[in-house]
């Protein structure tokens, strides 16, 4: 059943476009997550679950990692993010949110936060 909501065909073009144009912070984090570099965990970038496209997703840990820029600061965006996180939680997917600034300033601390979410 879970396959029915992951990477739906109609979201393919959206996912592809997002992979082609990552933010600097997303690109930097991907360099540290790709090829199972983080404790052997496989991450996918721009992975869709239902109507949402996750910046990064670790299927083994059911962990979404979202890199939030300034577009996530307004109250309306924060409300949308909270609703999205709640929907993912109903699917047993935990969401970790980090900011662009965190990734740019201290990527090792971000990686430590991700590791702390493993096997919660």
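Numbering (the UniProt record's numbering), first residue to last: 1 to 120.
For each residue, glycine too, the CB sits at the ideal point set by N, CA and C.
- Residue nearest to residue 32 within the set 43, 97, 23 is 43 (criterion: CA-CA distance).
- In this chain, the beta strand (DSSP E) harbouring residue 68 covers 63 to 68.
- The stretch 62 to 72 makes contact with the stretch 98 to 109, as at least three CB pairs between them are under 8 angstroms.
- Assigned with DSSP and collapsed to three states, residue 99 falls in strand.
- When DSSP states are grouped into helix, strand and coil, residue 106 belongs to the coil group.
- The alpha carbon of residue 107 has as its nearest neighbour, out of 20, 25, 5, the alpha carbon of 25.
- In the DSSP assignment, residue 54 falls within the beta strand (DSSP E) that extends over 52 to 58.
- Taking 8 angstroms as the cut-off, the Cβ atoms of residue 58 and residue 34 do not count as close.
- Secondary structure note for residue 79: it is in no beta strand (DSSP E), and the uninterrupted alpha helix (DSSP H) holding it is 75 to 90.
- In the DSSP assignment, residue 28 falls within the unbroken alpha helix (DSSP H) covering 24 to 33.
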